[in-house]
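In terms of numbering that gives the first Met the number 0, the sequence shown opens at residue 0 and continues consecutively.
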Amino acid sequence: MLREVHLIGGTRPEAVKLAPVAIAMREAGLLEPVLLASGQHPAMVTQALAAFGLSPDITLTVERETGGQAELLTAMIRELDELWSVRTPAAVIVQGDTTTSLAGALAAFWRRIPVVHLEAGLRSGDLESPFPEEGNRRLVAQVAALHLAPTPLAAMNLLDEKINPADVLITGNTVVDATLAVAGRKLPFENPLLTGRDFANSRLVLVTAHRRESWGEPLDRILTAVKDLIARYPDIEVVLPSHPNPAVREQVDTALAGVERVTVTDPLPYPDLARLLSEAYLVLTDSGGIQEEAPSFGVPALVLRDVTERVESLHAGCAKLVGSDTERIVTEASALLDSRVRRDAMTANGNPYGDGLAARRTAQATAALLGLASFPDAMPVAPNTALTSGAVA
0 MLREVHLIGG
10 TRPEAVKLAP
20 VAIAMREAGL
30 LEPVLLASGQ
40 HPAMVTQALA
50 AFGLSPDITL
60 TVERETGGQA
70 ELLTAMIREL
80 DELWSVRTPA
90 AVIVQGDTTT
100 SLAGALAAFW
110 RRIPVVHLEA
120 GLRSGDLESP
130 FPEEGNRRLV
140 AQVAALHLAP
150 TPLAAMNLLD
160 EKINPADVLI
170 TGNTVVDATL
180 AVAGRKLPFE
190 NPLLTGRDFA
200 NSRLVLVTAH
210 RRESWGEPLD
220 RILTAVKDLI
230 ARYPDIEVVL
240 PSHPNPAVRE
250 QVDTALAGVE
260 RVTVTDPLPY
270 PDLARLLSEA
280 YLVLTDSGGI
290 QEEAPSFGVP
300 ALVLRDVTER
310 VESLHAGCAK
320 LVGSDTERIV
330 TEASALLDSR
340 VRRDAMTANG
350 NPYGDGLAAR
360 RTAQATAALL
370 GLASFPDAMP
380 VAPNTALTSG
390 AVA
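Spelled out as structure tokens, the structure:
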């Protein structure tokens, strides 16, 4: 009987990035992956996994009253501790920097279960932005047994924090595996507002503004920029999946009411989002995940934030920080809409986040941690090197 590895996720991005790992583990046949939905956003996790033909093996029930971080964290830790007291995995994989990631890492650490941190080493350098994610990922790093960095820069961040170089591996980001696999199927749109839309004869601009720091006045400025771009360019179509928060949705609907060539949707199923990305001319986003996915399709991203922990995108040229200033958004977007050459040049260097093999490397690295395999693809990071041997171009 194979030893279990629990892959814990509580949000849609976590589920998307864990799904390819579960598939790769099953294909390798060395460990039994168990997909564990933490209870943070169970419906979204189930929906995201379904895009890969998967479903949660375990779903925790977390009672919430206040909606606060402390309530959520303590409830998940209690549920995880009870589960792992009777069904103890050989290792636990946590992804990224959510409250679920922190809860999973702490609960496993206290049970002396090895913690594998997928997408380790991202840093903005500012505990206030993104909040609380920057703090969460730094805390997870303190208890992880294996740090799987998506890029050489992320690995260097960990070395700078005195993490043992032998415990740091560069794998690439599994979101690249996920988006290439799903978009490659070219599935029809599930959302009825997108069904039958022909984006082939127009230029698609995908807009997402979901982060809390974008709500309120920043979102108003972003929406004003969208209206200005629609007025300036008659050949563009905008799709804007809105955050489900009622106040945010009302703000979006009020600002864009009656504006032609703008489609506002509920949060989209992952296959719909992946297809839109693959067909987009330009992306305006505050999403970290979309910054990682868009370059795989040659789509530049204008980042609606003042800082980003995905600085590799900036260094590679495939993304540019524009914040939420209306004039700057319009100016930068117009430059790319006015020049296809300039637009294509932004992504000419490819995707700095990987080649679509990160999940396989993650499965190998986890098996190696448990003494079941070696590291043929994911290379240990040696100190005082250029960090190129294990890099994923």
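Every residue, glycine too, gets a C-beta built ideally from N, C-alpha and C.
Being a predicted model, the structure only gives us computed values, none of them experimental.
Hey, residue i and residue j: beta-carbon distance below 8 Å or not?
i    : j    : result
Y269 : V181 : yes
V93  : V114 : yes
G149 : T178 : Going by the sequence as given, residue 149 is Pro instead of Gly. Cβ atoms of P149 and T178: not closer than 8 Å.
P19  : D176 : yes
I112 : A90  : yes
L335 : V321 : no
R136 : D96  : yes
A208 : D285 : yes
L356 : L145 : no
Q141 : T98  : no
S100 : V139 : yes
F51  : I7   : no
I57  : A42  : no
L222 : V251 : yes
Q290 : A318 : yes
Do you know offhand how far residue i's Cα is from residue j's?
i    : j    : result
S213 : R2   : 43 Å
V258 : L283 : 18 Å
P151 : P299 : 21 Å
F296 : K185 : 13 Å
E292 : A106 : 31 Å
P131 : N156 : 18 Å
P32  : H5   : 6 Å
V237 : E81  : 47 Å
T65  : L228 : 40 Å
G389 : D354 : Residue placement at G389 is flagged as unreliable, the pLDDT there being 34, under the threshold of 50; the coordinate-derived value follows with that caveat. Distance between the alpha carbons of G389 and D354: 12 Å.
T346 : P294 : 6 Å
H314 : R231 : 30 Å
L34  : L192 : 31 Å
A154 : E311 : 12 Å
L79  : L147 : 23 Å
A385 : A362 : Any reading at A385 is ruled out, since the residue's pLDDT is 35, under 50, leaving its predicted position unreliable.
V263 : L255 : 8 Å
D337 : G215 : 30 Å
L30  : A372 : 11 Å
T365 : N172 : 15 Å
A104 : L53  : 23 Å
Please classify residue i: is it buried, with 16 or more other beta-carbons within 10 angstroms of its beta-carbon, or exposed?
i    : result
Q39  : buried
E326 : exposed
T194 : exposed
L126 : exposed
K161 : exposed
G9   : buried
V15  : buried
D271 : buried
G287 : buried
P217 : buried
T387 : Summary for T387: the model assigns pLDDT 33, below 50, so the residue's position carries little reliability; its value from the coordinates is reported in the next sentence. Classification of T387: exposed, given that the 10 Å Cβ count is below 16.
R211 : exposed
P382 : Its pLDDT being 37, under 50, P382 is placed unreliably by the model, and nothing is read from it.
W83  : buried
E307 : Note that residue 307 is Thr in the sequence shown, not Glu. Label assigned to T307: buried.
Could you give the first and the last residue of the continuous beta strand (DSSP E) run that contains residue i?
i    : result
V93  : 90-94
K319 : 318-320
L48  : Unbroken run through L48 is the alpha helix (DSSP H), 41-49; no beta strand (DSSP E).
L168 : 167-169
I162 : Run containing I162: none; DSSP gives neither H nor E here.
V263 : 261-264
Assign residue i to one of three DSSP states: helix, strand, or coil.
i    : result
R196 : coil
K16  : helix
T284 : strand
P240 : strand
E32  : Position check: residue 32 holds Pro in this sequence, whereas Glu was assumed. It is a strand residue.
I7   : strand
I22  : helix
T207 : strand
L145 : strand
R202 : strand
T330 : helix
T365 : helix
T428 : Because the chain here runs from 0 to 392, residue 428 falls outside it and cannot be looked at.
T173 : helix
T325 : helix
T253 : helix
Can you name the start and end residues of the alpha helix (DSSP H) that residue i belongs to?
i    : result
P131 : Premise fails: P131 is in no alpha helix (DSSP H) and is neither H nor E.
E311 : 310-315
A300 : Unbroken run through A300 is the beta strand (DSSP E), 300-302; no alpha helix (DSSP H).
T223 : 216-231
L117 : Careful: L117 lies outside any alpha helix (DSSP H), inside the beta strand (DSSP E) at 114-117.
E81  : 68-85
D271 : 269-278
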